[in-house]
Amino acid sequence: MAARWNVLSRCIAAVLGGYALATALPAAIVAIMASGMGGMARSDAVLLAMSLSFVVYTGAVMWAFAARSARAAWLGLGLPALWAGLVAWMLL
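Counting from 142, one number per residue, gives the positions in the sequence shown under our numbering.
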């Protein structure tokens, strides 16, 4: 029974944590690239970030099932998503 909860937790981490990371990271990339640090036009930064978000989401799903435990999966997705969200919030 514990194995089922572990798989369920990883599935939820993959879907929700992956989505959070795949939306927060592009926002942070756009904020960094368009704020003058990257020297990129805002439209180009958005295209780059949105293209990378597909790779980030795929990697996040793979990470959720490759992590040693469900807790490591949640932390490995939640902390970078939180960091990226804070960076985007501070720069936008």
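Backbone N, C-alpha and C define an ideal beta-carbon position, used for all residues, glycine too.
Assuming residue i is part of the alpha helix (DSSP H), what are its boundary residues?
i: A229; result: 211 to 232
i: A190; result: 183 to 207
i: G159; result: 159 to 175
i: A144; result: 143 to 153
Compare the Cα-Cα distances from residue i to each of the options and report the closest residue.
i: L232; options: L216, P221, M178, R209; result: M178
i: M174; options: D185, W224, A222; result: D185
i: G200; options: G158, A225, N147; result: G158
i: A229; options: G217, I170, F206; result: I170
i: T164; options: A205, R209, L193, G217; result: L193
i: Y160; options: R212, M203, S210; result: M203
i: V187; options: V156, L227, A172; result: A172
Would a C-beta distance cut-off of 8 angstroms place residue i and residue j closer than the cut-off?
i: L149; j: A225; result: no
i: A214; j: R145; result: no
i: A143; j: A205; result: no
i: A190; j: P167; result: yes
i: A208; j: G219; result: no
Below 8 angstroms on the Cβ atoms is my guess for residue i versus residue j; work out the distance and round it to an integer in Å.
i: A222; j: N147; result: No, A222 and N147 are not in contact; Cβ-Cβ is about 21 angstroms, not under 8 angstroms.
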